[in-house]
Amino acid sequence: MNKTSRRAANTARTMTAQHIKTGSRVLPHLILVIAIIYFLAPVWWLLVAATKSNSGLFLGSAGPMWFDRTFALGDNLVQLSTYQSGIYWRWILNSFFYALVGGVGATTISVMAGYGFAKYKFKGRDVYFNIVLGALMIPATALVIPTFILMSNIGMTNTVWAVLLPSLLSPFGTYLMRIYCMSSLPDEMMEAARVDGAGELRTFLQISLPIMTPAITTVFLLSVVGCWNNFFLPQVVLSDPKLFPITVGLTQWQARSSAGSGAEQIWNLVTSGAFVSIVPLVISFLLLQRYWVGGLAAGAVKA
Amino acid sequence: MTVAGRTVPPSLSSRPLYLAESETDMSTNTSKTTRRVTGQAAQRANLWGWFFTAPFAVVFVVFLIVPMVYAFYVSLYSYTQVRGTVFTGISNYARAFKDPIFLQGMGRVLLYTAVMVPIQIILALIFALIIDAMRTKFAAGSRLAIFLPYAVPGVIGALMWGFLYSKDMGPFASIFELFGMQAPAFLSPQGLFGSLVNVVTWQWTGYYMVIIYSALQSIPHELYESARIDGASELQIALRIKTPMVSSSLVMATIFALIGTLQFYTEPMVLRNNAQSVIPPEYTPNMYAYTLAFNYNQVNYSATVSFALGLIVVIISVIFMRITRKQSGLGE
Chain A
1 MNKTSRRAAN TARTMTAQHI KTGSRVLPHL ILVIAIIYFL APVWWLLVAA TKSNSGLFLG
61 SAGPMWFDRT FALGDNLVQL STYQSGIYWR WILNSFFYAL VGGVGATTIS VMAGYGFAKY
121 KFKGRDVYFN IVLGALMIPA TALVIPTFIL MSNIGMTNTV WAVLLPSLLS PFGTYLMRIY
181 CMSSLPDEMM EAARVDGAGE LRTFLQISLP IMTPAITTVF LLSVVGCWNN FFLPQVVLSD
241 PKLFPITVGL TQWQARSSAG SGAEQIWNLV TSGAFVSIVP LVISFLLLQR YWVGGLAAGA
301 VKA
Chain B
304 MTVAGRTVPP SLSSRPLYLA ESETDMSTNT SKTTRRVTGQ AAQRANLWGW FFTAPFAVVF
364 VVFLIVPMVY AFYVSLYSYT QVRGTVFTGI SNYARAFKDP IFLQGMGRVL LYTAVMVPIQ
424 IILALIFALI IDAMRTKFAA GSRLAIFLPY AVPGVIGALM WGFLYSKDMG PFASIFELFG
484 MQAPAFLSPQ GLFGSLVNVV TWQWTGYYMV IIYSALQSIP HELYESARID GASELQIALR
544 IKTPMVSSSL VMATIFALIG TLQFYTEPMV LRNNAQSVIP PEYTPNMYAY TLAFNYNQVN
604 YSATVSFALG LIVVIISVIF MRITRKQSGL GE
C-alpha cells in the first residue's frame, strides 16, 4: 500500500467514524423531538381550547390546534366564576385544602416514622418494617370501597375527614425517608449530640431535620400530588358538591355535557376549568423539579 | 454521604441498604461499653423508636389493616331480603371466581398490564438513556417535557384525551385528512384498547423515566471512561453497562406500573362519559366493585371483589419480586 492510498483509507475511516457519530447524534435527537411533541401537544391543545367559546371548540376558524378568531378566555373565566354560583373556585379551594393539609400531615407522619425506623433499633422494628414494605404492594384503590363502608357505618362519609384522614397514610414516603435517614444521618453525629446533652427530641428537631430537608421536600411534593390527583376516594365518600375536589367536580361537568344538550353542554367550562386547574401544579412542578429528580433517586437507587 | 443535597449511594451493589444496616446500625453504642450503658441505649431505642413511629402505626392500622380485615369480614356475609344478612363463608369468593363479569374485568386489566407496562418501562428507559448520554440543555428541556404530564392529574389527562379523541373537537380528523386518510375511531370497541394504553403511557412514562434517570445520574463516570478507552460505543455502554447498573430502579418502576395498572379505574371511568356504549360500568374489577356497591347495593359482594383484587395484586407483585430478586435486592 503506498502513502497516498493509505492516507485515503485513513480519511475514509475517519469519515465513516464521523458519519457514525453524526448518525448516532441524529437518531437520539429525533427521538427526543418526537417525544417532546407527543408529551406537550395535548397540553398545548388544552391551552388553546381554554381560549375558545363553546361553538369555537367545534367550529374554530383555525382547527383544534390553533386559536379561534374570537378569543374567549376572559368570557370563559367569567362564566367559570358565575356558573352554579361560582362552585368552580370552591372546588379549586377544596383541592388546595385537601392537598396541603393532607400533604403536611402525611409528610409529618412519614418523616417521623422514617427517622424512627432508621435511627432506633427498637423491639419489633424488623417485623414492623417488613409489614410496611409489604403494604407498598397493597393497591390503595382496593381499600376505597371497604373504607367507605366503614365510614358510612360511623357516619363519617360526606365530611372533609373522609378525604383527609386516609390520605395521611404514606408507606412509600416512610420508606423513602428511612432510606434517606440511614444514608445521611451518621450515628456518630447523633451520639455527639447526646454527649453534648441534647435530648432525643432536640436532636431530631435541631440537628436531624435540617439535614433531612431535601428528602422532606420530595416526600411533601409526592404527597401533595397524590392528594391533588385523588379521584376514586372522594368520588366514593363525598356526595355534597360543595366538598368536591376539582377532579370530581370537573368529571361531573363532563358527564353532564356528554349526556345533556343545549345549555347543559358546558364544554368551554370543562376545557377552561381543566386548564386553570393544572396551572398551579405545573408551575410549582417546574420551579421545584430538582427535588423530584434528587428525591426519587434516593428511592430508586437503593430500592 | 450527602453532597449538596444529593444523596450519593454508599456502594454500587444493588443490595438494598436496609439489609446491611442491622450489622452496622447501633454497633457504635454496643462495642466497648459496659452492660449498663447498653441497657440504657436499648431502653432509649425502644422508647424513642416507638415514639417516632407511633403516629404512622395508628394511621397504618386504622386506614389499612382495619379496612382490609373489615372487607374480608364483610365478604364472608351475604344479604338477601328474605333472610337478612347471614354468614355464608367463602361462597362469595366461589361466586366471584365463576362470575364472568369479574373474570372478564380481571382478564382485561391483566391484558392491559401485559401490554402497557413493558411499553412504558421501555420508553422510559430509552428516554432516560438518551438524556443521560446527551447532557445538553436540549436534553434537560426534553426531560422536563416528558415529565410534565405527571403534573397533570389522571382525571384531567383522561378528560383531555377524551376531547382529543373526539371527531369534532380533536385534531386527528384533520391530521389524517392531510394524508387522505380517515382518522381511526378511537373510542370504538376496536380502538378503545389502544386509546386507553395511549392515555396511560402519556401520563406515566415521564415518572418512570425520572426514576430511571435519577439512578443513572448516580453511576460514577469513570466506569464509562474505561469502557470508552476499550473501544465501546455509546450504544454498547448504554445497553451493557448503564442498563444493568439501573436494574434495581427498573424493577421498582415496573412494580409501580404493575400495581397501578391492575387497579385501573380513573381513565376508563372518565372516558366512559365519552363512550357509554363501549365501556361497560364493570370494565375493570375496581369499576365493578364501585358499580356493585353504588348501583346494585350489593355491599358484601363488592367487598369480595375488592378483597379478591387486592389479593391478586399482592400475589402478582410477590411473584414478580421473586423472579427479579437478583436484580432488585428486594424481598430477600
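In the order they appear, the protein sequences are chains A and B. In case it helps, the working numbering puts the first sequence at residues 1 to 303. In case it helps, the working numbering puts the second sequence at residues 304 to 635. All residues carry an ideal CB built from backbone N, CA and C; glycine is no exception. Given the structure is predicted, the values throughout are model-derived calculations rather than measurements.
Reduced DSSP secondary structure (H/G/I, E/B, other) of residue i
| i | result |
| --- | --- |
| B:I389 | Strictly speaking, residue 389 of chain B in this sequence is Val, with Ile absent from that position. Here B:V389 sits in strand by DSSP. |
| A:N153 | helix |
| B:S378 | helix |
| B:T557 | helix |
| B:T439 | coil |
| A:T141 | helix |
| B:T383 | strand |
| B:G473 | coil |
| B:M484 | coil |
| A:K52 | coil |
| B:K335 | With a pLDDT of 47 at B:K335, under the threshold of 50, the modelled position of this residue cannot be trusted, and the question is left open. |
| B:T479 | Residue 479 of chain B is actually Phe in this sequence, not Thr. Looking at B:F479 - three-state DSSP - the assignment turns out to be helix. |
| A:V237 | helix |
| B:S330 | Residue confidence for B:S330 is low, a pLDDT of 44 falling below 50, so the modelled location carries little weight and cannot support an answer. |
| B:T569 | helix |
| A:N158 | coil |
| A:N230 | coil |
| A:R178 | helix |
Contact with chain A by residue i, beta-carbon distance below 8 Å
| i | result |
| --- | --- |
| B:I459 | yes |
| B:Y396 | no |
| B:W507 | no |
| B:S609 | yes |
| B:S477 | yes |
| B:N600 | no |
| B:L490 | no |
| B:Q566 | yes |
| B:M636 | Limits of chain B in this structure are 304 at one end and 635 at the other, which puts residue 636 of chain B out of reach. |
| B:M437 | yes |
| B:T569 | yes |
| B:G483 | no |
Other residues of its chain near residue i: CB distance less than 6 Å, five sequence neighbours each side excluded
| i | result |
| --- | --- |
| A:Y98 | V163, C227, P245 |
| A:V224 | A99, G103 |
| A:T217 | Y291 |
| B:N501 | none |
Own chain, CB closer than 7 Å to residue i, minus 5 neighbours either side, in chain order
| i | result |
| --- | --- |
| A:T251 | none |
| B:N603 | V377, S378, Y380, S381, Y382, N395 |
| B:R411 | Y586, T587 |
Residue j beta carbon less than 8 Å from that of residue i
| i | j | result |
| --- | --- | --- |
| B:G352 | A:R125 | yes |
| A:V270 | B:L462 | yes |
| A:T282 | B:L447 | The residue asked about is misnamed: residue 282 of chain A is Val in this sequence, not Thr. Contact: no. |
| B:S609 | A:I145 | yes |
| A:A113 | B:T388 | no |
| A:N158 | A:V237 | yes |
| A:A215 | A:M177 | yes |
| B:A431 | B:I558 | no |
| A:S272 | A:L77 | yes |
| B:G408 | B:Y593 | no |
Below-8 Å beta-carbon distance, residue i vs any chain D residue
| i | result |
| --- | --- |
| B:A348 | Looking at the structure shown, chain D is missing, and the protein chains on hand are A and B. |
Below-8 Å beta-carbon distance, residue i vs any chain B residue
| i | result |
| --- | --- |
| A:I216 | no |
| A:N158 | no |
| A:G116 | yes |
| A:Q289 | yes |
| A:P28 | yes |
| A:Y120 | yes |
| A:S239 | no |
| A:V270 | yes |
| A:L73 | no |
| A:P42 | yes |
| A:Y174 | Reading off the sequence shown, one finds Thr at residue 174 of chain A, where the question assumed Tyr. So, interface residue. |
| A:T147 | yes |
| A:N76 | no |
| A:V236 | yes |
| A:M112 | yes |
Spatial neighbours of residue i in its chain, beta-carbon cut-off 8 Å, leaving aside the 5 residues before and after
| i | result |
| --- | --- |
| B:E324 | Residue confidence is low: B:E324 scores 39 on pLDDT, short of 50, so the model does not pin down where it sits. No coordinate-derived value is stated. |
| B:T327 | A caution first: B:T327 carries a pLDDT of 42, below 50, which makes its placement in the model too unreliable to give a value. |
Proximity test, residue i beta-carbon vs the ligand GDP heavy atom, cut-off 7 Å
| i | result |
| --- | --- |
| B:L553 | In terms of ligand content, the structure shown is empty, and the ligand GDP therefore cannot be addressed. |
Exercise. Pairing CB atoms from the segment 564-579 of chain B with CB atoms from the segment 538-554 of chain B, are three or more of them under 8 Å?
Worked result: Between the segment 564-579 of chain B and the segment 538-554 of chain B, the count of C-beta pairs closer than 8 Å stays below three; the two stretches do not touch.
Exercise. With contact counted as at least three CB pairs below 8 Å, one residue from each stretch, are the segment 130-144 of chain A and the segment 611-622 of chain B in contact?
Worked result: Yes, they touch.
Exercise. Counting Cβ pairs, one atom from each stretch, are 3 or more of them under 8 Å apart for the segment 470-480 of chain B and the segment 510-525 of chain B?
Worked result: Judged by Cβ distances under 8 Å, the segment 470-480 of chain B makes no contact with the segment 510-525 of chain B, as fewer than three pairs qualify.
Exercise. Quick check: the segment 207-221 of chain A against the segment 84-97 of chain A, are there 3 or more CB pairs under 8 Å?
Worked result: Judged by Cβ distances under 8 Å, the segment 207-221 of chain A makes no contact with the segment 84-97 of chain A, as fewer than three pairs qualify.
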